[in-house]
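Written out below as structure tokens is the structure these notes cover.
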Amino acid sequence: MKSKFVALALSLFLSQSVLAGGVGLSATRVIYDGSKKEASLTVQ
Numbered sequence: 024m025k026s027k028f029v030a031l032a033l034s035l036f037l038s039q040s041v042l043a044g045g046v047g048l049s050a051t052r053v054i055y056d057g058s059k060k061e062a063s064l065t066v067q
């Protein structure tokens with residue numbers, strides 16, 4: 024039972040890291056107006 028849980032947790036963890044790798048920024052910081060609730064970025 025424990026090995027099934029570990030296999031499930033590992034597969035979920037690895038699938039999330041693959042999905043999160045789709046967007047990268049060419050800068051280390053994003054500067055936005057803090058008084059607004061959201062900001063838009065242009066993706067090229």
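Counting from 1 along the sequence shown, just add 23 to a position and that's the residue number in our numbering.
Positions of the beta carbon are idealized from the N, C-alpha and C atoms, including for glycine.
Just so it is clear, the structure is predicted and the values come from calculations on it, not from any experiment.
Alpha carbon of residue i to alpha carbon of residue j, nearest angstrom
i     : j     : result
Thr65 : Ala30 : 38 Å
Ile54 : Lys60 : 13 Å
Ala50 : Asp56 : 17 Å
Lys25 : Phe36 : 16 Å
Simplified DSSP assignment, three categories, for residue i
i     : result
Val29 : helix
Leu35 : helix
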